[in-house]
Every structure is written in structure tokens, then in C-alpha cells.
Amino acid sequence: MSAQLQSPQAPEPAEVRFEPLTALWLDEIVRIEQTAYAHPWSLANFKDTLAAGYECQILLAGTTVLGYFVAMKGVDEVHLLNITVTPAYLRQGWSHLMLDALALWSRGQGAQWLWLEARASNLRALHVYTQFGFSRVGLRKDYYPNGPGQREHAVVMSLPL
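In C-alpha cells form, the structure reads like this:
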């Protein structure tokens, strides 16, 4: 899957491509994660996903990280654990491209369902997932940390493949 990207930083169009996330990219991914979220994944979280063999892909334009996702394969389903668009590239369609790639990979793995949780307050993400075809199927109470001694509910969503 490739597309073209033009930005002020790259006057010439750069090919957009997916590559497996490797340890070489972890510092950059953690930096992006920290700018994107109030409660980001840690370096240890990303190292654990690589060690577990989860599907971890980065979306690149040249050497610029546009986004990334981490997913865990189950018996007949895939669970999206993290999908992030680099804040400077929000609202350009990259989340849909990553979801397309994830759905395609999931089907290739024999998955029948794609699952995820999203913070109840993350209206932008909930909108993107709904537009993509996910349905709300439940609520996990007090699932996410939300400051000292506070928790936030997660909306559980699924997509039949």
C-alpha cells in the first residue's frame, strides 16, 4: 500500500509505506506517543509488544513517521491495542489507511472480528472507528488511568471482517 505525501518539510512527494516496527524506531515512537496522549504507552510497553510477536507496523513517508499500530492476534479475532497518528499529521486520512491495512492483515490471518477499546472521552477516535464500520458493543468501567486515583471508562467496539 503506498500513497503520496506532500508537506512543507518535504517539497518532493515522498512514498508512503508500512514497515514492521523494530527496536530501531522505539525512541521515535515513544516520543510521538508522549506528544499524542496524556497517558502514553511506555518504552517497556512497546518492547513487550515486540517481544510477544504482536503485529506492529509503522506508517512512513520517507523517514517521517506518520503513525503506527499494534495489534494482537487471537484464535479468530484481532485486538487493536494501539493506533496513533503523529499529531502533526492528524485529519489527513492516515488513521483510515492504517485501519484498512490492519483489516487486510487480519483477514489474511483468518480473523473474523476486529476488536478495540477507546477512551469514552476520545470522541475523535470514536468517530473515526464508527465511520470505519465499528459498532459499540460494550463498556469497560474504570479501564483506563485518568490522573492520580482516577479512572476512565472504555468503549468496546468490534468490526466483523
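Start counting the sequence shown at 1310; every next residue gets the next number (the working numbering). Glycine included, every Cβ here is placed at the ideal spot set by N, Cα and C. This structure is a prediction, so every number in the text was calculated from the model and none was measured.
Here VAL1446 is near SER1467, since their CB atoms are less than 8 Å apart. Taking every protein chain shown into account, the CB of VAL1384 has fewer than 16 other CB atoms within 10 angstroms, so this residue is exposed. C-alpha of THR1344 to C-alpha of PRO1396: approximately 7 Å in a straight line. Listed in chain order, the non-local C-beta contacts of TRP1414 below 7 Å within the same chain comprise GLU1364, local neighbours out to five positions each way being set aside. Using a Cβ-Cβ distance cut-off of 8 Å, the stretch 1328-1342 and the stretch 1365-1375 are in contact, since at least three pairs of beta carbons, one from each stretch, lie closer than that value.
Distance between PHE1441 and ALA1420, taken at the CA atoms: about 17 Å. Residue pairing of ASN1391 in beta bridges, as defined by DSSP: VAL1379. The three-state reading of DSSP puts THR1372 in coil, since its state is none of H, G, I, E or B.
In this structure, DSSP gives ARG1340 a helical state, which the three-state scheme calls helix. By the neighbour-count criterion, in which 16 or more other beta carbons inside 10 Å mark a residue as buried, GLU1342 falls on the buried side.
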